[in-house]
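K.L.:
Residue numbers (my numbering): 1306 to 1575.
1) Below 8 Å on the Cβ atoms is my guess for residue 1523 versus residue 1505; work out the distance and round it to an integer in Å.
2) Quick one, are the C-beta atoms of residue 1391 and residue 1566 less than 8 Å apart?
3) If you draw a straight line from the C-alpha of residue 1417 to the C-alpha of residue 1514, how long is it?
4) Output needed for residue 1538: all residues of its chain with C-beta closer than 6 Å, excluding positions within five of it in sequence on either side, in chain order.
5) Can you tell me which residues form a DSSP beta bridge with residue 1384?
6) Where DSSP assigns a beta bridge to residue 1541, which residues make up the other side?
7) Would you mind working out which of 1354, 1376, 1397 and 1386 sits nearest residue 1360, comparing C-alpha positions?
8) Taking DSSP as the reference, what is the three-state secondary structure of residue 1559?
9) Whole angstroms is fine: what's the gap from residue 1383's alpha carbon to residue 1365's?
10) Along the alpha helix (DSSP H) that carries residue 1370, what are the first and last residues, could you check?
11) Between which two residues does the alpha helix (DSSP H) containing residue 1410 stretch?
12) Of all the options 1497, 1355, 1465 and 1385, which has the alpha carbon lying nearest to the alpha carbon of residue 1368?
13) Mind checking who residue 1553 pairs with in its DSSP beta bridge?
14) Would you call residue 1421 buried or exposed, if buried means 16 or more other Cβ atoms sit within 10 Å of its Cβ?
15) When DSSP builds the beta bridges, which residues end up paired with residue 1523?
16) Per DSSP, which residues does residue 1423 bridge with? Please list them.
17) Within 10 angstroms of its Cβ, does residue 1545 collect 16 or more other Cβ (buried), or is it exposed?
18) Which partner residues does residue 1548 have in the DSSP bridge list?
19) Note down the Cα distance separating residue 1395 from residue 1500, rounded to an integer number of angstroms.
20) Distance, Cα to Cα, residue 1486 vs residue 1521?
21) With a Cβ-Cβ cutoff of 8 Å, do residue 1541 and residue 1548 count as a contact?
22) Express the C-alpha separation of residue 1410 and residue 1404 in angstroms, rounding to a whole number.
23) Drop a sphere of 10 angstroms on the beta-carbon of residue 1423, count the other beta-carbons inside from all chains shown, and report buried for 16 or more, exposed for fewer.
24) Measuring alpha carbon to alpha carbon, tell me which residue in 1563, 1388 and 1357 is nearest residue 1372.
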């Protein structure tokens, strides 16, 4: 069973990257796609911090579960970290030059997805299907239920409940309620979730001129020792440069994505 319903999701304009800790669906018969560019309405302004213009990367010896490989190059444009069970994080400083931030992000999506080609192919096939309007996906830390215009999405650090024009969003302690579009501020933001059997793909994009984006591709149907999750966290001011941490992990629960996010924040800010 598959689904592509037109949800009325209310999403706070922040990058939601703590999703990588367990985003693999385990119901092989059900597939869910949640794709929405939304308007967010809030009674209080919540502005993200100003992102810094970075001239050289900060590459600490350790951060969370990550340990730097080799010496840090002061003012360098890349550094590599190792993590649990052979996980790898590479931090890049990427100048936009004559490219848009969106072009750079798509390039990095293709780059990390090439490490899990079968998972990427399953998601691509999923995106071409026409579905019904009801489905459920359950996995460790993940609960997605959809029926018509109503949806319930529960992920680590994120909970969204919608009922027609009403919505409730809880992200990292922030609680925003909306009904019938009432509010004082409107911003564009998007969260895209595609799930097909054992494979899940997530994109997030925060509002504003600055770049705050993440990408995760996860698959449980892989041989022992193969990559189970790949992705990136990207941030940067309007006009760049972008600080991008690419992630490759063989486990769903090693906190490598969280550490990669912290590494990006250390360099460019929240």
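Here a beta-carbon is modelled for each residue, glycine too, at the ideal position from N, C-alpha and C. On a predicted model such as this, the values are computed, not experimentally measured, just so you know.
P.N.:
Taking the geometry as given:
1) Stepping through the chain shown from its first residue, residue 1523 is reached at position 218. Stepping through the chain shown from its first residue, residue 1505 is reached at position 200. With a Cβ gap of about 5 Å, residue 1523 and residue 1505 count as contacting.
2) Here residue 1391 corresponds to residue number 86 of the chain shown, with the count starting at 1. Here residue 1566 corresponds to residue number 261 of the chain shown, with the count starting at 1. It is not a contact, given that the beta carbons lie outside the stated cut-off.
3) To locate residue 1417, count along the chain shown from 1; it is residue 112. To locate residue 1514, count along the chain shown from 1; it is residue 209. One C-alpha to the other measures close to 25 Å.
4) Translated into the one-based positions of the chain shown, residue 1538 becomes position 233. Only 1322, 1519, 1550, 1565, 1566 and 1569 meet the Cβ criterion.
5) If you number the chain shown from 1, residue 1384 lands on position 79. Residue 1384 is bridged to 1396.
6) By 1-based counting over the chain shown, the position of residue 1541 is 236. Beta-bridge pairing links residue 1541 to 1516.
7) One-based indexing of the chain shown puts residue 1360 at position 55. The candidate whose alpha carbon is nearest that of residue 1360 is 1397.
8) In the chain shown, residue 1559 corresponds to position 254, counting from 1. Coil at residue 1559, not helix or strand.
9) Taking the first residue of the chain shown as 1, we reach residue 1383 at position 78. Taking the first residue of the chain shown as 1, we reach residue 1365 at position 60. Cα to Cα, the separation comes out at about 12 Å.
10) The sequence position of residue 1370 within the chain shown is 65, counting from 1. Run containing residue 1370: none; DSSP gives neither H nor E here.
11) Position 105 of the chain shown, counted from the start, is the residue given in the question as residue 1410. 1406-1418 is the span of the alpha helix (DSSP H), which, as asked, contains residue 1410.
12) One-based indexing of the chain shown puts residue 1368 at position 63. Looking at the Cα atoms, 1385 is the closest of the given residues.
13) Sequence index remark: in the chain shown, residue 1553 carries index 248 (1-based). According to DSSP, which records beta bridges pairwise, residue 1553 is partnered with 1393 and 1535.
14) Residue 1421 sits at position 116 when you count from the first residue of the chain shown. So residue 1421 ends up on the buried side.
15) Your numbering for residue 1523 matches position 218 in the chain shown. Residue 1523 is bridged to 1505 and 1534.
16) In the chain shown, the residue the question calls residue 1423 occupies position 118. Bridge partners of residue 1423: none, in fact.
17) The residue labelled residue 1545 in the question sits at position 240 within the chain shown. That one is buried.
18) Within the chain shown, numbered from 1, the residue matching residue 1548 stands at position 243. Answer by DSSP bridge pairing, in chain order: 1398 and 1540.
19) Start at 1 with the first residue of the chain shown, and residue 1395 comes out as number 90. Start at 1 with the first residue of the chain shown, and residue 1500 comes out as number 195. Taking the straight line joining both Cα atoms gives about 26 Å.
20) Stepping through the chain shown from its first residue, residue 1486 is reached at position 181. Stepping through the chain shown from its first residue, residue 1521 is reached at position 216. Since pLDDT at residue 1486 reaches only 46, below the 50 mark, its modelled position is unreliable, and no value is offered.
21) Looking up residue 1541 in the chain shown gives position 236. Looking up residue 1548 in the chain shown gives position 243. Yes, these two residues count as a Cβ contact at 8 Å.
22) Against the chain shown, residue 1404 aligns to sequence position 99. Against the chain shown, residue 1410 aligns to sequence position 105. Roughly 10 Å between the two C-alpha positions.
23) Position 118 of the chain shown, counted from the start, is the residue given in the question as residue 1423. Per the 10 Å Cβ criterion, exposed.
24) To locate residue 1372, count along the chain shown from 1; it is residue 67. Nearest C-alpha to residue 1372: 1388.
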